[in-house]
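Quick notes on the structure that follows.
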Amino acid sequence: MARPSLNDLAAFAAVASHRSFRKAADAMGVSRSALSHAIIGLEGKLGIRLLNRTTRSVSPTQAGARLLARLDPLLQDLDQALDTLSEARGTPSGELRINANKSGARILLRDVVPRFLELYPGVELDLVSEGRLVDIVEQGFDAGVRLLEAVPQDMVAVSFGGVVRFIAVAAPSYLQGREPPDTPDDLHAHSCIRQRLPSGKRYRWEFSRRGAEVAVDVPGTLTLDDNDLLVEAAAAGRGIAYVPEHFARSRLQAGRLVTLLEDWCPPVPGLALYYPRNRHVPSPLRAFIDLLKDTDRERGTRGTTA
């Protein structure tokens, strides 16, 4: 039996882990056809089928599952061994893939990424900004960025950017002739600009005051899926929006928006970069985390907010 190449074994592990040729091809930066040919060649060399394929799904066969269980730790050990060479050269190199929401990506691009790329020119940073929560391990990311409260329990979280405050805002033109809401329940008498989450569900506005927590499924005829658009629509007088404060700050300062339900909108824990707890942390990610912590400490010393 011909010995399979490391590339073919890595291709199989990617497809079997992702359970998708498309996702595996995206993670490896190759075409689906190249990946398919590699798997066919591997199965031919081994003389056994490793993957069950249908038009809609891919899953390991029993033999494939056994191979994957033995192969995964070996590939991780290989990645770690190669990473030590990077450390021996004195500077991280390779690819660093981070999945972030738009707020997190903006902060990283403003405060961390320029310095990181300047310090570590041997690292290729792939920063993917999308709203939906993904399994960063399954999707081939080294780390993710989300609100701290949304980070899975089995991940290591590194907070940054300070606390976040969600606020209800409206334009003075919208409030003209209307009674401003005193409590979250009063929102039922108003036109609200609702938000569609990446999951497809509508966001229930969450408020708290002195330990009392309220979630309101607000009424409204306009639903958007982007905080910038929510702020823009509110400033145009379309209704009340509920957004992270920094998205509305410039329009609040210009008087185009006013804050409502002020005492129902306390700050909450902000963003965090997170990564798998029980996996080797590659040197590019360690360097990014160290710089992120340093930058956050500097921001804290200056007393700035995101």
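Numbering-wise, full-length UniProt numbering puts 118 at position 118 of the sequence shown, and it's gapless, one number per residue.
We put the beta carbon where it would ideally sit given N, CA and C, even for glycine.
Membership of A150 in any alpha helix (DSSP H) is not indicated, and neither H nor E is assigned to it by DSSP. Apart from the 5 residues on each side of it in sequence, S208 sits with its Cβ closer than 8 Å to the Cβ of V214, W264 and P266 in its chain, given in chain order.
Assignment of I289 by DSSP, reduced to helix, strand and coil, places it in the helix class. About 43 Å separates the CB atoms of S59 and R115; that is not less than 8 Å, and the two are not in contact. Annotation: D226 to Y174 spans about 20 Å, alpha carbon to alpha carbon.
The alpha-carbon of V30 is positioned some 34 Å away from that of S159. Going by DSSP, D26 is part of the alpha helix (DSSP H) stretching over F21 to M28.
The Cβ-Cβ distance between L292 and A168 does not fall below 7 Å. When beta bridges are read from the DSSP output, N99 appears opposite V128 and G144. For S173, no beta strand (DSSP E) run applies; the uninterrupted alpha helix (DSSP H) run containing it begins and ends at P172 to L175, by DSSP. Using a Cβ-Cβ distance cut-off of 8 Å, the stretch 92-102 and the stretch 127-146 are in contact, since at least three pairs of beta carbons, one from each stretch, lie closer than that value. Annotation for A24: A14, V15, H18 and L35 place their beta carbon closer than 7 Å to its own, counting only its chain and skipping 5 residues before and after. If you ignore the 5 residues before and after A236, its C-beta comes within less than 8 Å of the C-beta of A171, all in its own chain and listed in chain order.
The three-state secondary structure of R53, taken from DSSP, is strand. Distance from the CA atom of Y120 to the CA atom of V112, rounded to whole angstroms, is 12 Å. In this structure, the alpha-carbon of C192 lies about 19 Å from that of R249. Straight-line measurement puts the Cα of P152 at about 15 Å from the Cα of D142.
When DSSP assignments are scanned along the stretch 216-281, the uninterrupted stretches of beta strand (DSSP E) that are 3 or more residues long and fall wholly within it turn out to be 222-224, 241-244, 258-260 and 271-276. Within the same chain, Cβ atoms closer than 8 Å to the Cβ of R49 are found at E43, T61, A63 and G64, the five residues on either side in sequence being excluded.
Around the beta-carbon of Q195, 16 or more other beta-carbon atoms lie within 10 Å, marking it buried. If you look at I40, you'll find it in the alpha helix (DSSP H) that goes R32 to L46. In this model, T91 and L117 are separated by some 12 Å (Cα to Cα). Counting C-beta atoms within 10 angstroms of its own C-beta, S33 has fewer than 16 neighbours from the protein chains shown and is therefore classed as exposed.
Between the alpha carbons of L51 and H280 lies a distance of about 27 Å. Rounded to whole angstroms, E179 and V258 show a C-alpha spacing of 14 Å. Nearest in C-alpha terms to S283, of all of L67, E95 and R299, is E95. In this structure, the beta-carbon distance from A27 to D8 does not fall below 7 Å. Of A254, L271, A157 and Y242, the smallest CA-CA separation from R286 is found for A157.
About 6 Å separates the beta carbons of L75 and A10, which is inside the 8 Å limit, making them a contact pair.
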